[in-house]
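Per the UniProt record's numbering: the sequence shown ends with 233, consecutive numbering throughout. Built from N, CA and C at the ideal position, the CB exists for glycine as well.
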Amino acid sequence: MEDLQKSIEQNEEIEIDLGRLLRQLKKKMSFIIAVTVIAIVISLLVTKFLIPKKYESMARIYLKPNITESGTIDYNTLTANSKMVNNYVLMLQGNSLLEDVTEKLKLEDEALVKNSLSVSNEADSEIITVSARTKDAKMSKDIVNTTVNLFFESMKDKLDIKNMTILDAPQVNETPVSPSLKMNLLIGALLGIMVSCGFVTVQFLLDKRLHTKEDAESYLEIPVLAEIPFLED
């Protein structure tokens, strides 16, 4: 019974502490807002002036099924295309092709092409997406365009595959795809709130001073007989 009573008293004490903490956070609201605004401004400046912008260009390749003499789709080639599409994705990312692209564009480092290039297959389709993301919009377009063209030439010369066509040709996209200003500002705001609230909470927990009559009674374990009110001017 005594343990139950002690547990109840501890819970009540925790509730009182949480209430005081919330009041302290409310009291420090101007500080929290100021830190949050500063964090947002820093995020804005970093995004605008320190993080390099990146531009993306993209092309889509379609594997066409053969058409029979009667004008219908040859489902055998359609099935074959579905099975081969993953192989084509791997070929587009192969070192041999990347070396040819690097040489064709007269680039010094093959890693630029390898790190910027992305190849994927849209689910349950015969469409392959080739994209490149670099700091230069024209370079992104050139990498995609050269990769696709050299791949087509390689498929025709080595495997006699001619059923590929370009659905969407790569373009020079002057709108940067990263960094995301909205996302970075949101992250800055959240960090500002977390840091400021964390600082106020730590400050509150480390404050061992007695602020109220209840604090004094709890600490001294004796009743307070009198108190002197504090009157602001």
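In terms of CA proximity to Asn115, Ala132 leads the group Glu103, Glu126, Ile128, Ala132. When the Cα atoms are used, Ala111 and Thr102 turn out to be separated by approximately 9 angstroms.
In this chain, the beta strand (DSSP E) harbouring Ser118 covers 117-121. Close CB contacts of Met58 within its chain, under the 6 angstroms cut and outside five residues either way in sequence, are with Ser131 (chain order). Look at Val202 here: in three-state DSSP terms it is helix. By the criterion of a C-beta distance shorter than 7 angstroms, Thr36 is surrounded in its chain by Ala189, Gly192, Ile193, Ser196, once the five residues flanking it on both sides are discounted. Non-local beta-carbon contacts of Lys54 in its own chain, meaning distances under 7 angstroms to residues more than five positions away in sequence, involve Arg133, Thr134, Lys135, Pro176, Val177, Ser178 in chain order.
By the 16-neighbour rule on beta-carbons within 10 angstroms, Thr165 is exposed. From the listed residues Ala123, Arg60, Phe151, Asn145, the smallest Cα separation to Asn95 is found for Phe151.
Under the DSSP assignment, Val35 falls in the alpha helix (DSSP H) whose first and last residues are 29-45.
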